[in-house]
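To start, the structure under review is shown below, and the notes come after it.
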Amino acid sequence: MNARTEPAEAEPATPARPPIVRELLLVAGLFLVYKFGRQLATGHTAEALRNAGDVWHAERWLHLPGEQSVQSLLLHGDILVRVANTYYAAVHFPATLAFLVWLYLRRPAHYVWARRVLAAVTAAALVLHLAFPLAPPRMLAAAGLVDTARVYGPSVYGPPKTDHLSNQFAAMPSLHFGWALMVAIGLIVATRSRWRLLWLLHPLVTLLVIVGTANHYWLDAVVAGALLAAALAVIHAPRRTATTAGRGATRLVPAPAGEPVLAGAAR
1181 MNARTEPAEA
1191 EPATPARPPI
1201 VRELLLVAGL
1211 FLVYKFGRQL
1221 ATGHTAEALR
1231 NAGDVWHAER
1241 WLHLPGEQSV
1251 QSLLLHGDIL
1261 VRVANTYYAA
1271 VHFPATLAFL
1281 VWLYLRRPAH
1291 YVWARRVLAA
1301 VTAAALVLHL
1311 AFPLAPPRML
1321 AAAGLVDTAR
1331 VYGPSVYGPP
1341 KTDHLSNQFA
1351 AMPSLHFGWA
1361 LMVAIGLIVA
1371 TRSRWRLLWL
1381 LHPLVTLLVI
1391 VGTANHYWLD
1401 AVVAGALLAA
1411 ALAVIHAPRR
1421 TATTAGRGAT
1431 RLVPAPAGEP
1441 VLAGAAR
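Basically our numbering = 1-based index in the sequence shown + 1180.
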């Protein structure tokens, strides 16, 4: 069979990027709403500690592994625990921002999808933070865990009574884990590298860090994963094409004389 290379005229055009000013304002607005909403949930110390006890007992009833098992591994050396604290403090926002910027520049269609999913998960998390204030395990005496950030540093939190920049009673769900999992899923969907499944190491390491540093319970990650699954079920990823996946596609189109033509092979 003879074939010749021709441009694929029916190939969809590269999806247009949303206006960058609008996107910057939108992302900044969502962040400010989230930060303001977290502040509305502050001051519920007694309720947050009571809920923490309930979550702790629920994990034991479900026979989930103890958070102490992860923390004991970190406490074998000062360097390891400081690396975990630094990962918790420094990777969460920059990694998610870098993910969105890369998608915006290289995969516009996937960018819109990922931004919508992250916004939906964050909004749902805010509702849960308001409805179910939860103290992290580092504040729960029954857990017997070390506040690794306070003891070894670095720490992103101050004393709960004087910390006006964050809501420390918003442990469930864990947006650290939810966002990290979305970053991995988004990169797996938007790329074709044979190594792309390695992106799952990011949420895996994040999970071990948030539990080992006593900032979250296992159930905080479970609930975050459930919210993400619900968002992904409603907000579908764009169909993989040559333009959305960053590669050319090979397909047969009819030639004028009835001879098959290999289109897009040279792209």
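Ideal placement from N, C-alpha and C gives every residue a C-beta, glycine not left out.
For residue i and residue j, I'd like the C-alpha separation in whole angstroms.
i     : j     : result
L1255 : G1246 : 15 angstroms
T1386 : Y1268 : 7 angstroms
N1347 : L1384 : 24 angstroms
L1310 : D1234 : 17 angstroms
A1232 : A1401 : 15 angstroms
V1391 : V1403 : 14 angstroms
V1389 : R1419 : 34 angstroms
A1409 : V1261 : 31 angstroms
L1361 : V1250 : 19 angstroms
A1406 : E1227 : 24 angstroms
W1379 : D1258 : 27 angstroms
S1335 : F1273 : 15 angstroms
V1326 : R1230 : 19 angstroms
Y1291 : S1373 : 18 angstroms
G1333 : M1319 : 16 angstroms
L1242 : Q1248 : 16 angstroms
T1266 : Y1337 : 13 angstroms
L1355 : V1281 : 19 angstroms
V1201 : A1304 : 26 angstroms
L1212 : V1271 : 20 angstroms
F1312 : L1244 : 21 angstroms
P1199 : R1330 : 42 angstroms
R1295 : L1399 : 25 angstroms
Can you list, in chain order, the residues of its chain with a C-beta nearer than 7 angstroms to that of residue i? Leave out the 5 residues immediately preceding and following it.
i     : result
T1276 : W1359 and V1363
W1293 : I1415, A1417 and P1418
Y1214 : T1302 and L1306
V1207 : none
Could you have a look at residue i and say whether DSSP puts it in helix, strand or coil?
i     : result
L1229 : helix
A1351 : coil
Y1284 : helix
I1365 : helix
V1402 : helix
I1200 : helix
L1205 : helix
A1417 : coil
Y1214 : helix
L1242 : coil
V1336 : coil
H1237 : helix
H1224 : coil
H1356 : helix
L1412 : helix
The alpha helix (DSSP H) spanning residue i covers which residue range?
i     : result
Y1268 : D1258 to A1270
A1289 : P1288 to A1311
L1320 : Segment: none, L1320 is in no alpha helix (DSSP H) and carries neither H nor E.
Y1332 : T1328 to Y1332
P1383 : L1381 to G1392
S1252 : E1247 to L1254
W1375 : No alpha helix (DSSP H) holds W1375; DSSP gives it neither H nor E.
Throw me the rounded Cβ distance for the residue i and residue j pair, which I believe falls under 8 angstroms.
i     : j     : result
F1357 : L1314 : That pair is no contact at about 14 angstroms.
L1377 : I1368 : 6 angstroms
E1203 : Y1397 : About 34 angstroms; that fails the 8 angstroms criterion.
A1394 : T1302 : No, A1394 and T1302 are not in contact; Cβ-Cβ is about 23 angstroms, not under 8 angstroms.
G1366 : F1279 : 6 angstroms
W1236 : A1323 : 6 angstroms
P1353 : L1285 : So it is not a contact: roughly 29 angstroms between Cβ atoms.
A1370 : L1283 : 6 angstroms
A1351 : P1316 : 4 angstroms
Enumerate in chain order the residues of its own chain whose CB-to-CB distance from residue i is below 8 angstroms, with the five nearest sequence positions on each side excluded.
i     : result
L1412 : V1297 and I1365
A1299 : L1210
H1224 : P1313 and F1349
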